[in-house]
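Structure, as structure tokens:
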Amino acid sequence: MRSYEKYFRMNRLPHIWCPGCGNGIVMKSIAKAAEQLGLDQDNTVIVSGIGCSSRASGYMNFDTLHTAHGRAIPFATGIKLANPKLKVIVITGDGDCTAIGGNHFIHGARRNIDLTVILFNNNIYGMTGGQASPLTPTGKKATTAPFGSVDTAFDPCELAKAAGASYIARGTAFHAKPLVDLIAQGISNNGFSLVEAITQCPISYGRRNKMGDAAGMLKWMSENAVPLAAYEKLAEEQKGDKFPIGVLYQKTAPEYSAEYAKVIKLAQGGK
Amino acid sequence: MGIEITTLKERCKGCNICAAFCPKKILAMDTLGKVYVTDEKACINCGQCELRCPDYAIYVEKKVEK
Amino acid sequence: MSQARLMQGNEACAEGAMAAGVNFFGGYPITPSTEIAEIMAKELPALGGTFIQMEDEIAGIAVVLGAALAGRKALTATSGPGFSLKQELIGYGCIAEIPLVIANVQRMGPATGQPTSPAQGDVMQARWGTHGDHPMIALSPWTVRESFDVAVMAVNYAERFRTPVIILLDEVVGHMREKVVLPKAEDIEIYPRRKPNCTREEGYKPYTPMADLVPNPADFGTGHHIHVTGLIHDETGFPTGSSKVTEDTIQRLHQKISRVQDEITHYDEFFMEDAEYAVLTYGGTARTAYAAVKMARQQGIKVGMVRLMTIWPFADKVIKKVAQKVKKILVPEMNYGQLVLEVERAAAGQAAVISLPKYNTEIFTPKEICTAIEELATEVVK
């Protein structure tokens, strides 16, 4: 028993995720970040969408909300605006967040509303058995891309940045320790935070793309994830499959619920 | 002072991540596909197994003398 | 005595919702419902409430579901195309038992249709739009003043039964202006948010039904650490694959409404004492029907009118009684014939049911309905 486990609903474990699935590693990082920050379980709400990663809400010991496919961010927006004292964390997957929920994702970022979105990116629709998502890299195979995906993938971090998010970080399941800090900083940021957590789906993605077992996929992360500063020094031809990790972007910007509180004050005759 | 490795077989799904990342190669899967420790004495308490266990099925701790 | 005001149906609906305690609005602009959002944007902050314009119709209902779970009384407003988009999350509100009011100011469809001509084409969508089995409460006002009352009632029902309630306005009522006198705040009954009956330590289960078959899930942020999901769940709120729990849940969701069906069936009768024919009507069409019935009465035709405010659950008992009393029931509707199917079912052959549909963007004239009544009265019943 570890001290961060108080943030789990222990009676709901073991979780439903497949052997080797990285979601458990990312969920543990969220619990550890909660412990690091001493989050009050009475004042924190976890909101998720639909998909493998979105099952995490049921295992976490807070008020938790498992919404509809793609809609976690607008539900979370309602919770935050209804009671701005609450810390609201969104758990979502690549399909949930960037396909069916893509519009909500960019508008949440645009508002810079104080939500922390933890995007479990396993590059695939896992729960439905391995269909291509907007984060499936070009050329990778999926049941709906049997000859390799011809789509260009989003970079969700760049997307969030362009849309107005004030904290953007990327980590991986291999880099489990730094992921805790990236999440904790995201939760501490007063605005829309995105933490993209690269996680492995050995069953529906790795196997089909000959990436080895779970450990093999984690090793791939260790070889290809490069801290931002080092990544920026790489020559274009060195980049290949490599991607930057760490805090990718930060800014100070007005936060939506605080801005709306000013509207209330104004409407009530205050300055 | 020694190192104690606790495994929770009811949680282990036998994914082999712990064994793959163990620098001393002292973890293995049994015939039922659950983790077991082959040589606890060789453990150096690096915590790599616990760090990446997706199922919270393995814990490593320094034994505290009572 | 409150002052008389000239106001729109949409405005009265917004005022009624606020009078009933709505302090959160989320939505997306769509004619002919937009005035509701505009009024909320202006009025709510002064009351300490919150308005947010969302990026699309789905977000518009998601945000109010979230706000309702965090303790607010919440409203969204839309019209046909938007109502279609909101359907999945209406079902979410049903299964997760979240109080929520959706004002749907109907316009002519399908799709973008004939914007934004009046219609009553969403009657069946209101009942069956979302997938799966679920109960539904839908209320349709016929005057501006009643738009206020229906909004109050809808908010109270949503809270009491913890279910989505639909205010089925139509463009006629929504945009019509009438002189109204609104009730004083102290005369408005408000159903408060249901509270947990015990603490977490005492074994609180958020979805345990109370005597009225409605559970008391705690608001988020009150220390109960509840789990809410759109999956079928047991009393703890957590999903289960149990066939028994699934069956019991679907049954309870229906029964929590059906057990009070008589109480929540609201309707008016006019000239029914000696009626041989009846006009069964609702919403904006009821206003024309009323004029038509009076015209027909002047010609000596013994015709009455039954006006439904509660569209869903359907007023089976009311229709049965009417069917036993009259020879024929005329059902004028601004659609291809929707509620008439329910009237036929409930009348069960006891009276002839005649559909009078209209779907050409124009509202009925009293003459049209009166002519149909005259035909009823002259035609020999086979």
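Here the protein sequences come in this chain order: A, B and C.
Mapping of the first sequence onto full-length UniProt numbering: position 267 corresponds to residue 267, and the numbering continues sequentially without gaps.
Mapping of the second sequence onto full-length UniProt numbering: position 27 corresponds to residue 27, and the numbering continues sequentially without gaps.
Mapping of the third sequence onto full-length UniProt numbering: position 178 corresponds to residue 178, and the numbering continues sequentially without gaps.
We put the CB at the ideal spot given by N, CA and C, even for glycine.
Keep in mind that this is a model prediction, so the values were computed, not measured.
Output yes if chain D places a C-beta closer than 9 Å to the C-beta of residue i; else output no.
i, result
"residue 229 of chain C", "Included in the structure are the protein chains A, B and C, with no chain D among them."
Excluding sequence positions up to five away, which residues of its chain have a Cβ less than 8 Å from the Cβ of residue i?
i, result
"residue 50 of chain C", "23, 24, 25, 44, 67 and 72"
"residue 44 of chain B", "3, 23 and 24"
"residue 178 of chain A", "171, 245 and 246"
"residue 84 of chain A", "114, 257, 258 and 261"
"residue 138 of chain A", "148, 149, 150, 151, 152 and 153"
"residue 29 of chain A", "171, 176, 179, 180, 183 and 197"
"residue 156 of chain A", "94, 97, 98, 105, 119, 121, 135, 194 and 196"
Quick one: residues in its chain with C-beta nearer than 6 Å to the C-beta of residue i, no 5 flanking neighbours on either side, listed in chain order?
i, result
"residue 382 of chain C", "Because residue 382 of chain C carries a pLDDT of 49, less than 50, the predicted location of this residue cannot be relied on, and the following value inherits that uncertainty. Excluding sequence neighbours, residue 382 of chain C sits near nothing in its chain."
"residue 318 of chain C", "267"
"residue 252 of chain A", "none"
"residue 245 of chain C", "234"
"residue 1 of chain C", "For residue 1 of chain C, the pLDDT reaches just 49, beneath the cut-off of 50, and the residue's location in the model is therefore unreliable, although a value from the coordinates is still provided. The answer is none, since no qualifying residue turns up."
"residue 6 of chain A", "none"
"residue 165 of chain C", "101, 137, 154, 157 and 158"
"residue 116 of chain A", "89, 186, 187 and 193"
"residue 40 of chain B", "5"
"residue 74 of chain A", "104"
I'd like the list of long-range same chain contacts for residue i, defined as Cβ closer than 7 Å, with 5 residues on each side in sequence excluded.
i, result
"residue 1 of chain A", "none"
"residue 87 of chain C", "129 and 130"
"residue 312 of chain C", "126, 127, 136, 137 and 138"
"residue 279 of chain A", "Limits of chain A in this structure are 1 at one end and 271 at the other, which puts residue 279 of chain A out of reach."
"residue 21 of chain B", "48, 49 and 52"
"residue 13 of chain B", "55"
"residue 205 of chain A", "122, 123, 124 and 130"
"residue 361 of chain C", "108, 114 and 117"
"residue 63 of chain C", "26, 52 and 54"
Please check the pair residue i and residue j, which I expect to be a contact at CB under 8 Å, by giving their CB distance rounded to whole angstroms.
i, j, result
"residue 58 of chain C", "residue 75 of chain C", "Actually they do not touch by this definition, with Cβ atoms about 16 Å apart."
"residue 384 of chain C", "residue 279 of chain C", "In this structure chain C extends from 1 to 382, so residue 384 of chain C is not present and cannot be described."
"residue 118 of chain C", "residue 171 of chain C", "4 Å"
"residue 29 of chain C", "residue 37 of chain C", "6 Å"
"residue 6 of chain C", "residue 179 of chain C", "5 Å"
"residue 121 of chain A", "residue 197 of chain A", "7 Å"
"residue 92 of chain A", "residue 53 of chain A", "7 Å"
"residue 141 of chain A", "residue 208 of chain A", "5 Å"
"residue 352 of chain C", "residue 327 of chain C", "7 Å"
"residue 265 of chain C", "residue 315 of chain C", "5 Å"
"residue 423 of chain C", "residue 42 of chain A", "Outside the displayed range of chain C (1 to 382) lies residue 423 of chain C, so it cannot be described from this structure."
Provide the residue(s) that pair with residue i in DSSP beta bridges, ordered along the chain.
i, result
"residue 6 of chain A", "Bridge partners of residue 6 of chain A: none, in fact."
"residue 188 of chain C", "Looking at the DSSP assignment, residue 188 of chain C forms no beta bridge with any residue, so it has no partner."
"residue 318 of chain C", "Per DSSP, none; premise fails for residue 318 of chain C."
"residue 63 of chain A", "A/45"
"residue 334 of chain C", "DSSP output for residue 334 of chain C lists no bridge partner at all."
"residue 8 of chain C", "C/177"
"residue 215 of chain C", "C/209"
| message | I'd like the ranges of any beta strand (DSSP E) spanning at least 3 consecutive residues and lying wholly in the UniProt domain "4Fe-4S ferredoxin-type" (33–63) of chain B. | response | Counting only runs of 3 or more, we get 35–37 and 58–62.
| Any alpha helix (DSSP H) of 4 or more consecutive residues that is wholly inside the UniProt domain "4Fe-4S ferredoxin-type" (3–32) of chain B | 17–21, all fully within the UniProt domain "4Fe-4S ferredoxin-type" (3–32) of chain B.
| task | Pull out every residue of the region 23–34 of chain A whose Cβ sits closer than 8 Å to any Cβ of chain B, in chain order. | result | Interface annotation for the region 23–34 of chain A against chain B: 23, 24, 25 and 28, criterion Cβ-Cβ distance under 8 Å.
| If you measure beta-carbon to beta-carbon, which residues of the region 206–219 of chain A are closer than 9 Å to chain B? | Within the region 206–219 of chain A, those residues whose Cβ lies closer than 9 Å to any Cβ of chain B are, in chain order, 213, 214, 215, 216, 218 and 219.
| message | Going residue by residue through the region 79–117 of chain C, where are the continuous alpha helix (DSSP H) segments of at least 4 residues, counting only ones entirely within it? | response | Fully enclosed alpha helix (DSSP H) runs of no fewer than 4 residues occupy 80–85 and 87–96 of the region 79–117 of chain C, in order along the chain.
| field | Near-chain B residues of the region 162–183 of chain A (beta-carbon distance less than 8 Å), N- to C-terminal order | value | Those residues of the region 162–183 of chain A placed with their C-beta closer than 8 Å to a C-beta in chain B are 173, 174, 176 and 177, ordered along the chain.
| Which residues, in order along the UniProt domain "4Fe-4S ferredoxin-type" (33–63) of chain B, keep a beta-carbon less than 9 Å from a beta-carbon of chain A? | Here the close residues are 33, 50, 51, 52, 53, 54, 55, 56, 57 and 59.
| request: Please specify which runs of the beta strand (DSSP E), each continuous and at least 3 residues long, are wholly inside the region 162–196 of chain A, giving them in chain order. | output: Annotation note: the region 162–196 of chain A contains the following uninterrupted beta strand (DSSP E) runs of length 3 or greater, listed N- to C-terminal: 167–172.
| query | Which ranges does the alpha helix (DSSP H) cover as unbroken runs of at least 4 residues, wholly within the region 242–305 of chain C, from first to last along the chain? | reply | 243–258, 261–264 and 283–298, all fully within the region 242–305 of chain C.
| request: Could you run through the region 83–104 of chain A and flag, in chain order, every residue whose CB is less than 8 Å away from some CB of chain C? | output: Within the region 83–104 of chain A, the residues whose Cβ lies closer than 8 Å to some Cβ of chain C are 83, 85, 86, 103 and 104, listed in chain order.
| Contiguous beta strand (DSSP E) assignments of at least 3 residues, all confined to the region 154–179 of chain C | For the region 154–179 of chain C, whole beta strand (DSSP E) runs of length 3 or above, ordered along the chain, are 164–170.
| field | Residues, ordered as in the chain, of the region 45–76 of chain C that lie near chain A by beta-carbon distance below 7 Å | value | Those residues of the region 45–76 of chain C placed with their C-beta closer than 7 Å to a C-beta in chain A are 45, 46, 48, 50, 52, 54, 55, 56, 58, 59, 62, 63, 64, 65, 66, 67, 69, 70, 71 and 72, ordered along the chain.
| Cβ-based contacts, 8 Å cut-off: residues of the region 246–271 of chain A near chain C | Flagged, chain order: 260, 263, 264, 266, 267 and 268.
| field | Cβ-based contacts, 7 Å cut-off: residues of the region 11–32 of chain B near chain A | value | Those would be 11, 13, 14, 15, 16, 17, 20 and 21, in chain order.
| query | Can you list, in chain order, the residues of the region 17–40 of chain C whose Cβ is nearer than 7 Å to any Cβ on chain A? | reply | Legend: CB atoms of the region 17–40 of chain C lying less than 7 Å from CB atoms of chain A belong to residues 24 and 26.
| query | For the region 88–101 of chain C, which residues have a CB atom closer than 7 Å to at least one CB atom of chain A, in sequence order? | reply | Residues 88, 89 and 92.
| request: Name, going along the chain, the residues of the region 207–230 of chain C whose beta-carbon falls closer than 9 Å to a beta-carbon of chain A. | output: With the criterion set as a beta carbon lying under 9 Å from some beta carbon of chain A, the members of the region 207–230 of chain C are 218, 219, 220, 221, 222, 223, 224, 225, 226, 227, 228, 229 and 230, in sequence order.
| request: Select from the region 51–65 of chain A all residues with a C-beta closer than 8 Å to any C-beta belonging to chain C, and list them in chain order. | output: From the region 51–65 of chain A, only 57, 58, 61, 62, 63, 64 and 65 have a Cβ closer than 8 Å to chain C.
| message | Using a Cβ-Cβ cutoff of 9 Å, what residues of the region 110–136 of chain A are near chain C? List them in chain order. | response | In summary, the residues of the region 110–136 of chain A whose CB is separated from some CB of chain C by less than 9 Å are 110 and 111, in the order they occur in the chain.
| Within 8 Å of chain A by C-beta, residues of the region 236–250 of chain C in sequence order | Of all residues in the region 236–250 of chain C, those with a C-beta nearer than 8 Å to a C-beta of chain A are 238 and 239, reading in chain order.
| alpha helix (DSSP H) runs wholly inside the region 25–58 of chain C, at least 4 long, in chain order | Secondary structure remark: continuous alpha helix (DSSP H) runs of at least 4 residues inside the region 25–58 of chain C, in chain order: 34–43.
| message | Please list, in chain order, the residues of the region 1–22 of chain A that have any C-beta partner in chain B closer than 9 Å. | response | If you check each beta-carbon in the region 1–22 of chain A against every beta-carbon of chain B, the ones closer than 9 Å belong to 1, 2, 5, 8, 13, 14, 15, 17, 18, 19, 20, 21 and 22.
| said: Which complete alpha helix (DSSP H) runs does the region 203–231 of chain A hold, if anything under 4 residues is left out? | reply: Runs of the alpha helix (DSSP H) inside the region 203–231 of chain A: 214–224.
| Which ranges does the beta strand (DSSP E) cover as unbroken runs of at least 3 residues, wholly within the region 47–128 of chain A, from first to last along the chain? | List check, beta strand (DSSP E) in window: 63–66, 87–93 and 116–121.
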